[in-house]
Amino acid sequence: MTKEMFTLKSSDGFLFVVDEAVVHQSVTLSPMVQDCAGREYPINNVTGKILNLVVEYCKNHVVVDGGDSSSSSSSGDALKKWDDEFITQMDLSTVYDLIMAANYLIIKGLFDLACQRVADEIAACKDHEEIRATLGIVSDYTAEEEAEVLKENEWAFD
Amino acid sequence: MDKVSRLPDELLVKVLTFLPTKEAVSTSILSKRWEHLWMWLPKLEYDDQHYSESERKRLRCFIVRSLPLHKAHVIESLRLKLSNSHYFKPQVIKWIVATAVSRNVLELDISCSSYPEKLNILPSNLYTSKSLVILKLGDWILLDVPPMVSLPSLKTLQLQEVAYSSEGSLQRLLFNCPVLEELKVDIWKYDNTRKFTIIVPSLLSLSLFIPFDYGIDGLVIKTPSLKYFKLRVHSSSSHYCLVEHMPNLIEAYIDVEFPNIKSLIESITSVKRLEICLEVLYEEGIVFSQLEHLKLCRCKDCTSNLLVRLLKDSPNLRVLDLYEMIDHYYCGIIPWNPPSTVPACMLSSLQIFNWSAYSGVPGERDLAIYMLKNASHLKTATIWSDECDIPELEMLKELAFSSRASTTCEFMFD
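Listed in order, the protein sequences are those of chains A and B. Numbering of the first sequence is given in this note's numbering, commencing with residue 7 and proceeding in unit increments. Numbering of the second sequence is given in this note's numbering, commencing with residue 82 and proceeding in unit increments.
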């Protein structure tokens with residue numbers, strides 16, 4: 007039985023040919039399996055650069071997820087290691103795009119992985135100045151307003 | 082360049098859910114857009130262990146001010162690990178819980194350490210919460226179940242050494258949890274409940290622990306849908322024990338020291354996997370027709386006879402483990418009394434035999450040799466030796482050279 011292949015088209019015209027097991031990892035794309043074999047399926051709000059990463063993630067998760075649920079802990083560890091390397095080597099800007107793509111395509115594992123990366127960046131900062139610098143946030147508080155927030159949520163700034 | 086600001090609010094909130102509550106709240110200082118984002122967090126966790134008094138004061142001020150203003154439509158979970166201190170008196174904790182309940186909280190996990198005084202921190206609206214799905218209560222919280230009790234969504238209930246206000250409190254609470262699936266009860270050694278009645282038709286998983294020397298008068302369990310059963314009763318008094326049959330039982334862990342076990346053993350005959358330690362031998366006439374994996378704790382005097390009876394009563398047994406349950410200490414010698422005929426499972430289905438903490442004394446050696454000699458379908462036999470007087474090499478020689486019924490059996494000695 008030959009595998010059904012599907013063609014995904016990014017917003018900037020790049021084509022990705024993937025099999026059914028990859029498509030099924032996206033709750034949004036899953037229904038297309040019924041009627042899109044052979045035709046191009048446009049994904050209008052994800053660029054080629056990001057879609058490439060999404061497909062890479064999904065391809066790597068087919069081997070374990072698609073198989074039996076009693077996969078050994080060692081293969082689970084290997085997958086976790088792959089996930090860590092995958093997400094850590096990206097710059098944050100790419101991670102934000104990945105969050106939005108995984109949210110739109112509804113791929114929970116990828117979404118959680120990307121969110122966790124941003125959370126880890128925040129947790130690693132020693133103060134809010136560093137968080138602003140890392141996330142690229144410009145404060146619009148006046149000095150008084152900022153002091154007010156610090157006072158209101160005093161507990162959180164211990 | 083505000084890069085992270087490309088993300089819409091709901092996704093920024095999602096990122097915050099991956100941070101501890103305190104860190105998430107601290108993002109309020111980043112910019113005006115971030116000031117109130119954390120207030121959409123669906124899960125809140127407050128833990129004041131290791132806090133100084135002034136930190137506790139700040140935490141209390143914070144919770145009291147912010148909880149009523151929390152924006153999330155539904156508080157999915159609230160976890161409180163608070164000490165009963167000057168700043169978190171019972172009234173305050175009760176108010177916090179009541180506020181969460183009024184916001185349709187789904188999961189409540191409360192443990193408040195204090196000296197053994199009962200903590201009256203559960204508000205009355207908790208007992209009629211339509212939304213609560215998971216409730217976990219820890220040490221010495223007073224469970225004062227009112228006459229009107231209704232928890233229509235509760236699926237998981239864990240009561241870790243709580244104090245029941247009256248005999249029958251627990252039973253009345255359970256009666257009003259129509260969809261309860263998981264129940265874990267650890268009895269506090271200074272509690273006053275004498276009779277335990279657990280009647281829950283919907284229950285799938287039950288774990289009950291009654292501590293050493295506890296004055297228990299009776300135990301009744303009616304959970305006909307149960308799949309997972311864990312019973313540890315370290316009280317040895319001869320109270321009554323009535324357990325209804327559980328036809329869907331998959332796994333059971335039985336560690337009991339009381340003598341009236343007839344009803345209990347009859348109730349678990351459908352089990353597939355069993356871990357067991359009993360003080361006395363159970364009566365004849367039992368068949369564990371679906372039992373395929375047995376783990377027997379060999380700390381008691383009756384081990385040898387119990388093993389023989391279990392083997393005879395389990396025609397489809399595939400795996401046998403001899404081991405010691407946690408905190409059980411074996412300090413005697415099992416005299417091995419071989420049965421007059423070889424149990425049926427040893428001639429047909431038994432494939433795996435494991436023995437941890439083997440010490441090689443004559444009684445144990447005789448048992449090991451009997452198993453190897455008679456289990457004709459054995460695939461692997463693995464024995465881990467314990468520190469003792471008999472040298473390992475000698476133990477190994479005795480066993481490795483003993484006759485074996487199964488020619489394909491792989492023997493491993495550690």
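Just so it is clear, CB atoms sit at the ideal spot from N, CA and C, and this is done for glycine as well. For clarity, every value in this text was computed on a predicted model and none was experimentally measured.
Neighbours of B/Val173 in chain A, taken as residues whose beta carbon is under 7 Å from its own, are absent, since the nearest beta carbon is some 15 Å off. Setting aside the 5 residues that flank it on each side, B/Thr278 is surrounded in the same chain by Gln252, Val301, each with a C-beta closer than 6 Å to its C-beta; the list follows chain order. Scanning its chain for C-beta atoms nearer than 8 Å, with the 5 sequence neighbours on each side dropped, one finds around B/Lys343 the residues Tyr363, Glu364, in chain order. Between A/Tyr102 and chain B, the shortest Cβ-Cβ separation is below 8 Å.
Our two residues, B/Pro149 and A/Glu46, have alpha carbons roughly 51 Å apart in a direct line. Following the DSSP letters along the chain, one finds B/Ile279 in no alpha helix (DSSP H) but inside the beta strand (DSSP E) bounded by residues 276-280. Residue-level contact check: A/Ser16 does not touch chain B, since none of the beta carbons of chain B fall below 8 Å from its beta carbon.
Contact between A/Cys121 and B/Phe99 holds: CB atoms are separated by about 5 Å, below the 8 Å threshold.
Within 10 angstroms of the beta-carbon of B/Asp336 lie 16 or more other beta-carbons, which makes it buried. Against A/Ala149, chain B offers no close residue; the least beta-carbon distance is about 12 Å (beta-carbon pairs closer than 8 Å). Counting along the chain, the unbroken alpha helix (DSSP H) around A/Gln122 starts and ends at 114-130. Interface with chain B (8 Å Cβ-Cβ cutoff): A/Arg45 is excluded.
The C-beta of B/Arg379 has 16 or more other C-beta atoms within 10 Å across all chains shown, which makes the residue buried.
The beta carbon of B/Arg399 sits closer than 6 Å to those of Glu373, Ser430, Gln432, all from its chain and outside the five residues before and after it, given in chain order. In this structure, B/Glu332 and B/Pro305 do not form a Cβ contact; the two beta carbons are roughly 16 Å apart against a cut-off of 8 Å. Interface annotation, A/Ile105: in contact with chain B, CB-CB separation under 8 Å. Here A/Leu104 is buried: its Cβ has 16 or more other Cβ atoms, across all protein chains shown, within 10 Å.
Here B/Tyr411 carries a coil assignment [DSSP, helix/strand/coil]. Annotation: A/Asp41 to A/Phe12 spans about 10 Å, alpha carbon to alpha carbon.
Of the other Cβ atoms in all chains shown, 16 or more fall within 10 Å of the Cβ of B/Lys199; this residue is therefore buried.
In this structure, B/Ile144 lies near B/Tyr127, with their beta-carbon atoms less than 8 Å apart.
Burial is judged here by how many other beta carbons sit within 10 angstroms of a residue's own beta carbon; A/Ser80 has fewer than 16 and is exposed. Beyond the five residues adjoining it in sequence on each side, B/Leu480 comes within less than 8 Å, by CB distance, of Arg446, Ala449, Ile450, Leu453, Ile464, Phe492, Phe494 in the same chain, given in chain order.
Contact of A/Glu152 with chain B by beta-carbon distance below 8 Å involves Ile110. For the 8 Å CB-CB criterion, B/Ser234 and B/Leu213 form a contact. Its chain contains Leu203, Leu218, Leu240, Val243, Ala244, Tyr245, Ser246, Ser250, Leu251, Leu254 as the residues whose beta carbon lies nearer than 8 Å to that of B/Leu224, once the 5 sequence neighbours on both sides are disregarded; these appear in chain order. The beta carbon of B/Arg354 sits closer than 6 Å to those of Glu332, His374, all from its chain and outside the five residues before and after it, given in chain order. Assigned with DSSP and collapsed to three states, B/Ala153 falls in coil, not helix or strand. At the C-beta level, B/Leu377 and B/Leu403 come within 8 Å of one another. Counting only Cβ-Cβ distances below 8 Å, A/Asp90 has no contacts in chain B at all, with the closest Cβ about 15 Å away. Per DSSP, reduced to three states, the secondary structure at A/Tyr63 is helical. At a cut-off of 8 Å between beta carbons, B/Arg139 contacts chain A. Taking 8 Å as the cut-off, the beta carbon of B/Glu262 is found no closer than this to the beta carbon of B/Ser231.
From the beta-carbon of B/Ser86, the residues of chain A found nearer than 8 Å are Gly142, Ile143. Judged by DSSP in its simplified three-state form, B/Leu377 adopts strand. Annotated as proximal: B/Ser317 and B/Phe339, with beta-carbon spacing under 8 Å.
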